[in-house]
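As they're listed, the protein sequences go chains A and B.
This note's numbering applies: residue 1 is where the first sequence begins, and numbers increase by one.
This note's numbering applies: residue 1001 is where the second sequence begins, and numbers increase by one.
The beta-carbon is built from N, C-alpha and C at its ideal position, and this holds for glycine as well.
Computed from a predicted structure; not experimentally measured.
Please read the structure below before turning to the comments.
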Amino acid sequence: MLSATGLGRRIDDGWIWRSVEVKLAAGENLAIVGPTGAGKSLLLRCLAGLDAADEGRIAIDDKPLDEWQMPAYRSRVVYLHQRPALREGTVEENLRAVFRLAAHRSKGYDRSAVIRGLGAFDRDASFLKKDAADLSGGEAQIVALIRALSVEPSVLLLDEPSASMDAVATDQAEDLVARWVGEAPGRASVWTSHDGAQVERVTDRTLTLNGVVL
Amino acid sequence: MNGYLQIGYAQTALAGLLIIANLVLSATLRLGLGRRLAIAALRMSVQLLLVGLVLKWVFALENPIPVLAMAAAMTGIAGVAAVNRTQRRFAGVYWGSLVSVTGSAFFVTGLALLGIVRVEPWFDPQYLIPLLGMVLGNTLNGISLSLDRFVESLVQRRDSVEATLALGGTRWEAAHDHIRDAMRVGLIPMINSMMVIGIVSLPGMMTGQILAGAEPTDAVRYQIVIMFMIASAAALGAFGIVFFTYHRLFDDRHRLRLDRVHKVAA
């Protein structure tokens, strides 16, 4: 589904990583591991088209990234930031706002799907009324995850998605993503995590960035 | 016109005593303002005396070329100064500012000279230079405030801009709130001054015309014209620089390019 060949990223004069090969099949959960500073987030950002790669090619369903309209590509390959960014307003306003984007206007906000998503975190509709500014870091990550799933992507790029969640919420997030991948064909996820046990639990395959500059 | 009382150089120097009073105050209370105040007062005097000489010379020539050269120099300085007041720079920002200042100030001043005030000849420096000067001063302000706010808000709220992009938003959708905010900030001084003008403040140009013997009602009409000119030029200039910055800091692949921005010590 999503593939990258010979991918390289340079910062100043040095290569952060080079010759990176990613082959993500439908139904798969891939982990990107490596020491701090190995450029795991940079690789996810690259796959999301938020940064340009300095060499190599990215394609989804054999259609190269260059040929995609960026908003259409990013609607299929959604990147979740390590620090979730929510706008001013309630949780529900945040979840609704993405359907004002031209790319998702035709889909429309589905409140019952959102409430099902919240149910996975033992939270009910009253959570929607909370002010986004009052959320804890973990709660903000929950909202960001539900928001990302609501736009029906094919690939989720999860950058430390549960870094601020407690153990219970972490389990729930892992279950939710696993269920989402299994629920329909043509879905896959890519994870970075500093938690080795989480990588074991949620992913099928591992791609190691060792921080060695070639 | 019933003329006005002339002020000689000796009388001008006499007014300088007012600043001396400030310097004494600063020294007694040890406010540490003395040096900067003295330099500012000196700079102001020298700059104005020089510009008076230049204007006198340009007025006497009755030729469009020196008038336009002076207008171009004033515009260029305004364009550079607008950028120099901001803290974050990117390649091309000076050009963007110059184009924004020139486009908006020349367009508005030209329209006023030819269409509203109907000056003959059109380059008559008695009208062109002061009108352009007032327009430039305010456009500079609008441009630097909008530019500073726009870049600062993209840097500070980068996560939220990129979250919109990452969810499939276009660069316009991701930037729109920040563009609106930057325009608002750039136009605040303009709107505030129009709100209180004549009540709290008597504008300098109108005051000057009244001192020079003009009918107050004539001076007021001039002031209204100039306020409209200023407001429209400041808005056009601010929009110009924000639009330019938008195209520099978001590329056509809908990526936020903060790697193009660097901070300078202000």
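Among the residues facing chain A, B/R1089 is not included, as its CB has no counterpart in that chain under 8 angstroms away.
Bounds of any beta strand (DSSP E) do not take in B/K1056; it lies within the alpha helix (DSSP H) bounded by 1034-1061. DSSP places A/A4 inside the beta strand (DSSP E), whose first and last residues are 2-11.
Taking the beta carbon of A/A103 as reference, the chain B residues within 9 angstroms of it are L1167, G1168, G1169, T1170, E1173, listed in sequence order. Residues of chain A with a Cβ closer than 7 angstroms to the Cβ of B/D1181 do not exist; the shortest Cβ-Cβ separation is about 12 angstroms. Annotated three-state conformation of A/L42 is helix, per DSSP. Per DSSP, B/I1077 is one residue of the alpha helix (DSSP H) stretching across 1064-1084. The C-alpha of B/L1023 lies about 43 angstroms from the C-alpha of B/T1245.
Taking C-beta separations shorter than 8 angstroms and ignoring five residues to either side along the sequence, the partners of B/A1081 in its chain run L1140, S1144, following chain order.
Put simply, the backbone Cα of B/G1052 is about 21 angstroms away from that of B/P1203.
Close to B/S1160, with beta-carbon spacing below 7 angstroms, are these residues of chain A in chain order: A85, R87. What A/S154 touches in chain B, judged by beta-carbon distance under 7 angstroms, is nothing: the nearest beta carbon there is about 12 angstroms away. With a 10 Å radius around the Cβ and a threshold of 16 neighbouring Cβ atoms, A/W17 comes out buried.
For B/F1090, no alpha helix (DSSP H) segment is defined; the enclosing uninterrupted segment is the beta strand (DSSP E) at 1088-1090.
Inter-residue distance for B/A1238 and B/T1012 is about 37 angstroms (C-alpha atoms, whole angstroms). Using a CB distance below 9 angstroms, no part of the region 107-128 of chain A faces chain B.
Between A/V143 and chain B, the shortest Cβ-Cβ separation is not below 8 angstroms.
In this structure, the beta-carbon distance from A/V91 to A/L145 does not fall below 8 angstroms. Segment contact: the region 1084-1103 of chain B against the region 1158-1176 of chain B, fewer than three CB-CB distances shorter than 8 angstroms; contact not assigned. For B/G1198, no alpha helix (DSSP H) segment is defined, and its DSSP state is neither H nor E. Distance between A/R105 and A/R111, taken at the CA atoms: about 15 angstroms. Below the 7 angstroms Cβ cutoff, chain A contributes M70, P71 as neighbours of B/H1254, in chain order. With 16 or more neighbouring CB atoms inside 10 Å of its own CB, B/E1173 falls in the buried class.
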